[in-house]
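Engineer: Residue numbers (numbering that gives the first Met the number 0), protein chains in the order written: chain A, 0 to 147; chain B, 0 to 233.
Backbone N, C-alpha and C fix where the C-beta goes; we use that ideal spot for every residue, glycine too.
All values derive from a computational prediction rather than experimental measurement.
My structure is below; once you've seen it, I'll send some questions.
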Amino acid sequence: MQQRATLIDGTVEENLRLPFTFRSHHQREYSRQTILPLLAQVNRTESFLDRSSRELSGGEAQIVALIRAVQLEPSLLLLDEPTAALDEESTLMVEELIDRWFAELPTKRAFVWVSHNKEQVASVANQVVTMNQGQLTGEVNQSREQLP
Amino acid sequence: MKYHELLLFDVGLAAALIVINAVISIALGLKLGRLLVLAAVRTILQLLLIGMVLESVFSLNKWYAVLGLLLVMTIVAGISAVGRTERCYRGAYIDSVIAVSCSSWIVAAYALLAIFRDIQPWYQPQYAIPLTGMILGNSLNGVSLGMNRLSEQLATQRDQVEAMLTLGATRWEAARSSVRQAVHTGMTPIIIMFLIAAATALGTVCVVLLSCRRLFNADHQFLAALIEKDRGRR
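Here's what the structure looks like:
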């Protein structure tokens with residue numbers, strides 16, 4: 000996941016179908032039934048699938064990009080400041096979406112989240128690694144249950 | 000066919016055209032005189048050198064000499080194609096030489112072995128060298144435009160390509176739309192050339208038709224005479 004979502008021209012659904020056109024996923028099929036609960040988590044209905052990607056706000060585009068990645072059921076998500084360009088509401092939605100995805104299979108899933116936001120780091124991470132100018136400067140393990 | 004041999008005097012007359020450029024440069028104060036002289040001298044030296052090489056290839060008249068020269072021409076064309084692109088990447092020269100070779104040699108072989116099949120042996124330098132040279136020129140243009148477009152597309156659409164790669168696309172799948180556009184751009188000059196050729200042919204036909212129409216419409220005498228003649232036959 001990049002800082003700014005990169006969507007192709009077309010509807011939201013066409014964007015969600017995109018990974019299934021790749022050879023690496025040819026044995027799998029796109030399913031609306033998988034997508035609808037994910038959309039419900041971010042307060043979006045089925046009609047959202049027909050919206051053009053050009054009409055989406057930055058937050059909505061980021062949500063679509065995240066759902067597009069999550070529907071593939073990856074074991075690891077790499078998130079490069081996914082909420083850096085989002086408003087507070089969209090940030091919360093993205094955080095919640097990732098949190099629920101992780102909570103489904105916490106022993107088999109993981110994510111690496113790059114962030115400059117210390118509050119966000121404190122709320123989403125188990126293990127925090129700090130970097131300064133490309134050098135590791137610290138590592139803290141924290142239990143998610145202990146976090147505020 | 001009779002060949003016209005150019006004398007040194009004729010070549011001198013052609014070279015004298017550079018003087019016109021020099022005069023314009025002096026008149027407008029462009030300060031291009033030195034550059035013009037250098038370019039002219041360089042061109043003369045290059046042409047003399049190429050002339051010597053061509054003379055030896057022509058006199059040798061052996062397939063390996065012709066193929067060797069064509070190989071050198073192909074490599075130079077491949078390198079030149081990269082030289083015209085704005086962005087370069089590792090392996091660009093090899094890619095370019097392969098692209099120019101594949102496109103040119105297949106067409107040249109088809110032309111020499113199928114279209115000019117009456118010419119024996121097929122490697123006659125007076126046919127093989129200029130024909131392949133012309134094809135190489137077109138390939139060079141197409142390949143350089145295509146490479147330029149491809150590198151530009153990949154640079155401007157880097158985020159999209161990276162996003163596709165992270166979603167499991169292969170390198171080919173991620174770059175396919177850029178490649179498609181690059182091929183389209185590379186083919187554009189040759190398509191325009193076809194269109195110009197078609198337009199020229201169409202123009203010639205139109206001129207002929209208009210002339211005929213004027214002829215027939217002058218006082219209908221020509222047409223009337225034809226009709227009369229036809230009736231007489233029946």
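Grouping DSSP H, G and I as helix and E and B as strand, with all else coil, what is B/Val142?
Structural biologist: Residue state, collapsed to three classes: helix.
Engineer: Measure the C-alpha to C-alpha separation of B/Thr199 and B/Ile134 and round it to an integer number of angstroms.
Structural biologist: Computed Cα separation, rounded: 21 Å.
Engineer: What is the rounded straight-line gap between the Cα of A/Val113 and the Cα of B/Leu130?
Structural biologist: In a straight line, the C-alpha of A/Val113 is about 59 Å away from that of B/Leu130.
Engineer: From which residue to which residue does the beta strand (DSSP E) around A/Gly137 run?
Structural biologist: Looking at the DSSP string, the run of the beta strand (DSSP E) that includes A/Gly137 is 134 to 140.
Engineer: Taking beta-carbon pairs under 9 Å, can you tell me which members of the segment 52 to 80 of chain B lie near chain A?
Structural biologist: If the cut-off is 9 Å between Cβ atoms, the segment 52 to 80 of chain B has nothing near chain A.
Engineer: Is B/Gln180 close to chain A, meaning its C-beta is less than 7 Å from at least one C-beta of that chain?
Structural biologist: Chain A contact via Cβ: absent.
Engineer: With 8 Å as the limit, tell me which residues of the segment 148 to 163 of chain B have their beta carbon closer than that to any beta carbon of chain A; keep them in chain order.
Structural biologist: Listed by position along the chain: Asp158, Gln159, Glu161, Ala162, Met163.
Engineer: Considering only C-alpha positions, which residue in the set B/Ile78, B/Leu27, B/Arg157, B/Pro120 is nearest to B/Leu139?
Structural biologist: For the residues B/Ile78, B/Leu27, B/Arg157, B/Pro120, the minimum Cα distance to B/Leu139 belongs to B/Ile78.
Engineer: List the residues of chain B that A/Leu17 touches, going by C-beta distances under 8 Å, in chain order.
Structural biologist: Ordered by position in chain B, the residues that pass the 8 Å Cβ test against A/Leu17 are Met163, Leu166.
Engineer: Taking 6 Å as the limit between beta carbons, can you name the residues of its chain near B/Gly185, skipping five residues before and five after?
Structural biologist: Here the set comprises Gly141, Leu144, Gly145.
Engineer: What number of angstroms, rounded off, separates the C-alpha of A/Gln2 from the C-alpha of A/Leu17?
Structural biologist: Roughly 20 Å separates the two Cα atoms.
Engineer: Listing by chain order, which chain A residues have their CB less than 8 Å from the CB of B/Thr169?
Structural biologist: Correct list: Phe21, Arg22, Ser23.
Engineer: Does DSSP put B/Gln156 in a helix, a strand or coil?
Structural biologist: DSSP places B/Gln156 in coil when its eight states are reduced to three.
Engineer: Have a look at A/Pro147 and A/Asp98 and give me their C-alpha separation to the nearest angstrom.
Structural biologist: Its pLDDT being 42, under 50, A/Pro147 is placed unreliably by the model, and nothing is read from it.
Engineer: When we look at the beta-carbon of B/Ala196 and count the other beta-carbons within 10 Å, is it buried (16 or more) or exposed?
Structural biologist: Result: exposed.
Engineer: Hey, is B/Glu85's beta-carbon within less than 7 Å of any beta-carbon in chain A?
Structural biologist: No, its Cβ sits nowhere closer than 7 Å to a Cβ of chain A.
Engineer: Kindly indicate if chain B contains any beta-carbon less than 7 Å away from that of A/Leu135.
Structural biologist: No, no contact with chain B.
Engineer: So, for B/Ile189: in the same chain, excluding its five sequence neighbours on each side, which residues have a beta-carbon less than 7 Å away from its beta-carbon?
Structural biologist: Result list for B/Ile189: Asn137, Gly141, in chain order.
Engineer: For B/Ser102, which residues of its own chain have a beta-carbon under 6 Å away from its beta-carbon, when the five flanking residues on both sides are left out?
Structural biologist: Closer than 6 Å at Cβ, skipping near neighbours: Ser138.
Engineer: Determine the burial state of A/Leu6: buried for a count of at least 16 other Cβ atoms within 10 Å of its Cβ, exposed for fewer.
Structural biologist: It is buried - the Cβ of A/Leu6 has at least 16 other Cβ atoms within 10 Å.
Engineer: Which one of A/Thr33, A/Arg22, A/Ser23 has the shortest CA to CA distance from A/Leu15?
Structural biologist: When only C-alpha atoms are compared, the closest one is A/Thr33.
Engineer: Taking B/Ala181 and B/Arg148 to be in contact with their CB atoms under 8 Å, please state how far apart those CB atoms are, rounded to whole angstroms.
Structural biologist: Going by Cβ atoms, the distance from B/Ala181 to B/Arg148 rounds to 4 Å, so yes, they are a contact pair.
Engineer: Distance cutoff 7 Å, beta carbons only. Does A/Thr5 sit that close to anything in chain B?
Structural biologist: For A/Thr5, the answer is yes, since a Cβ of chain B falls inside 7 Å of its Cβ.
Engineer: With DSSP run on the structure shown, which of helix, strand or coil describes B/Val22?
Structural biologist: If DSSP states are grouped into helix, strand and coil, B/Val22 belongs with the helices.
Engineer: If we ignore side chains and look at the alpha-carbon of each, how far apart do A/Ser51 and A/Ala64 end up?
Structural biologist: Computed Cα separation, rounded: 14 Å.
Engineer: Let's see if you can read the secondary structure: which residues bound the beta strand (DSSP E) around B/Ala15?
Structural biologist: It is not in any beta strand (DSSP E) - B/Ala15 carries neither H nor E in the DSSP assignment.
Engineer: Reducing DSSP to helix, strand and coil, say where B/Thr131 ends up.
Structural biologist: B/Thr131 falls in the helix class under three-state DSSP.
Engineer: Quick one: Cα of A/Ile62 to Cα of A/Val93, how far?
Structural biologist: If you take the alpha carbons of A/Ile62 and A/Val93, they lie about 6 Å apart.
Engineer: What distance in whole Å lies between the Cβ atoms of B/Ala110 and B/Val65, which are believed to be in contact at a cut-off of 8 Å?
Structural biologist: The pair is not a contact, with the Cβ atoms about 14 Å apart (cut-off 8 Å).
Engineer: According to DSSP, is B/Val182 part of a helix, a strand, or is it coil?
Structural biologist: B/Val182 falls in the helix class under three-state DSSP.
Engineer: Apart from the five residues just before and just after A/Gly9, which ones in its own chain have a Cβ nearer than 8 Å to its Cβ?
Structural biologist: Answer for A/Gly9: Ser51, Ser52, listed in chain order.
Engineer: Taking all protein chains shown into account, do 16 or more other C-beta atoms lie within 10 angstroms of the C-beta of A/Met0, making it buried, or fewer, making it exposed?
Structural biologist: Buried.
Engineer: Sort A/Glu95, A/Lys117, A/Glu12, A/His24 by Cα distance to B/Leu164 and report the nearest one.
Structural biologist: Residue A/His24 is the option with its Cα nearest to B/Leu164.
Engineer: Less than 8 Å between C-beta atoms, sequence neighbours within five positions excluded: which residues of the same chain meet that for B/Cys87?
Structural biologist: Val81, Ser150.
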